[in-house]
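A.B. asks: Supplied in structure tokens, the structure appears directly below.
In the UniProt record's numbering, the protein residues as written are 1 to 260.
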């Protein structure tokens, strides 16, 4: 079976080489030094009664196009208006139909934390995240060596960005350390894209009790969120369930009403 994650990472390396030619790293570093208002995703989730991280997602490798013509400013503003605790915006183009400008466009429309969700393998992407308006970045254990992950986490903190570490299996528990702000358990295997929410329940008891936990992927029922909260989770990343509808913001609002 083809490993989709490895294919995506190889594509990302090619994209990065092209981006670095177009915009030199030094130029990004200078831009990232400018001060701006930041929002803590960890704090927002810890203080929220719902913990919903609503995701702006146009497509996926497994499902194809979900909402090709979705507007980032309209959807994210509607997400906030309907009770999202934080936002996740995919910025990968080939596999998820996203773009850096989606996050940049959304930033002025909302005053809640935004996660840049992408396959981050280089500090260059952290500078990008800071400049376009992200408050947090996703680091995927399966895509990085442990020391690479630590270095990226530390650089993210230097830039004022929080880190959501994504794990999927027991062997990735060793990636969890003091440089990590939040741990996300991905219910989707990034190699095969098979999804099973039981993965969150399975790993919850193995994670530090003081770590803020986020369950990612495959969540479509308010009852599942209630059960995950009882298992110790405070964040719930949901995208496709909302984005596949004609009005993602209203879908989120309806979901939260059922949750409460």
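In this text, a Cβ means the ideal position worked out from N, Cα and C, and glycines have one as well.
Scan the segment 6-64 and note each continuous alpha helix (DSSP H) run of 4 residues or more that stays entirely inside, going in chain order.
C.D. replies: For the segment 6-64, whole alpha helix (DSSP H) runs of length 4 or above, ordered along the chain, are 25-32 and 41-46.
A.B. asks: Tell whether a beta-carbon distance below 8 Å holds between residue 216 and residue 63.
C.D. replies: Within the chain shown, residue 216 is the residue found at index 216, counting from 1. Within the chain shown, residue 63 is the residue found at index 63, counting from 1. No, Cβ-Cβ distance for residue 216 and residue 63 is not below 8 Å.
A.B. asks: Keeping to the same chain, check which residues put their C-beta closer than 8 Å to that of residue 174; ignore five residues upstream and five downstream.
C.D. replies: Here residue 174 corresponds to residue number 174 of the chain shown, with the count starting at 1. Answer for residue 174: 146, listed in chain order.
A.B. asks: Starting from the Cα of residue 30, find the closest Cα among 237, 124, 100 and 260 and give me that residue.
C.D. replies: On the chain shown, residue 30 is found 30 positions in, with the first residue counted as 1. Minimum Cα distance to residue 30 is reached at 124.
A.B. asks: Do residue 228 and residue 200 count as a contact pair if the criterion is CB distance below 8 Å?
C.D. replies: As a first step, residue 200 is located in the chain shown; it is residue number 200 there, counting from the start. As a first step, residue 228 is located in the chain shown; it is residue number 228 there, counting from the start. Contact flag set, yes.
A.B. asks: Any idea which residues DSSP pairs residue 184 with across the strands?
C.D. replies: The residue you call residue 184 lines up with position 184 of the chain shown. Answer is 166 and 214, bridged to residue 184.
A.B. asks: In chain order, what residues of the same chain lie with their CB nearer than 6 Å to the CB of residue 204, ignoring the 5 residues before and after it?
C.D. replies: If you number the chain shown from 1, residue 204 lands on position 204. Same-chain partners within the cutoff: 231 and 232.
A.B. asks: In the DSSP assignment, find the unbroken beta strand (DSSP E) run with residue 238 in it and report its ends.
C.D. replies: For this step, residue 238 is matched to residue 238 along the chain shown. First-last of the beta strand (DSSP E) with residue 238: 233-238.
A.B. asks: Could you tell me whether the Cβ atoms of residue 214 and residue 259 are closer together than 8 Å?
C.D. replies: If you number the chain shown from 1, residue 214 lands on position 214. If you number the chain shown from 1, residue 259 lands on position 259. No, these two residues do not count as a Cβ contact at 8 Å.
A.B. asks: Measuring straight from C-alpha to C-alpha, what distance separates residue 170 and residue 237?
C.D. replies: For the purposes of this step, residue 170 is taken as residue 170 along the chain shown, with counting starting at 1. For the purposes of this step, residue 237 is taken as residue 237 along the chain shown, with counting starting at 1. Cα-Cα distance, rounded: 20 Å.
A.B. asks: Please say whether residue 52 and residue 252 have beta carbons closer to each other than 8 Å?
C.D. replies: Residue mapping note: residue 252 aligns to position 252 of the chain shown, counting from 1. Residue mapping note: residue 52 aligns to position 52 of the chain shown, counting from 1. Closer than 8 Å, so yes.
A.B. asks: Indicate the three-state DSSP secondary structure (helix, strand or coil) for residue 66 in the structure shown.
C.D. replies: Within the chain shown, the letter at position 66 stands for residue 66. In the structure shown, residue 66 sits in coil (DSSP, three-state: anything other than H, G, I, E or B).
A.B. asks: What residue from 97, 48 and 98 has the CA that sits closest to residue 84's CA?
C.D. replies: By one-based count along the chain shown, residue 84 stands at place 84. Residue 48 is the option with its Cα nearest to residue 84.
A.B. asks: Residue 246: buried (16+ other C-beta within 10 angstroms of its C-beta) or exposed?
C.D. replies: On the chain shown, residue 246 is found 246 positions in, with the first residue counted as 1. Exposed is the call here.
A.B. asks: Within 10 Å of its beta-carbon, does residue 141 have 16 or more other beta-carbons around it, so buried, or fewer, so exposed?
C.D. replies: By one-based count along the chain shown, residue 141 stands at place 141. By the 10 Å Cβ count, residue 141 comes out buried.
A.B. asks: Measure the alpha-carbon distance for residue 9 versus residue 43 and round it to whole angstroms.
C.D. replies: Position 9 of the chain shown, counted from the first residue, corresponds to residue 9. Position 43 of the chain shown, counted from the first residue, corresponds to residue 43. When rounded, the distance between both Cα atoms is 30 Å.
A.B. asks: Using 8 Å for Cβ pairs, my map puts residue 261 next to residue 56. What's the rounded Cβ distance?
C.D. replies: With the chain covering 1 to 260 only, the question about residue 261 has no answer from this structure.
A.B. asks: Less than 7 Å between C-beta atoms, sequence neighbours within five positions excluded: which residues of the same chain meet that for residue 20?
C.D. replies: For this step, residue 20 is matched to residue 20 along the chain shown. Excluding sequence neighbours, residue 20 sits near 124.
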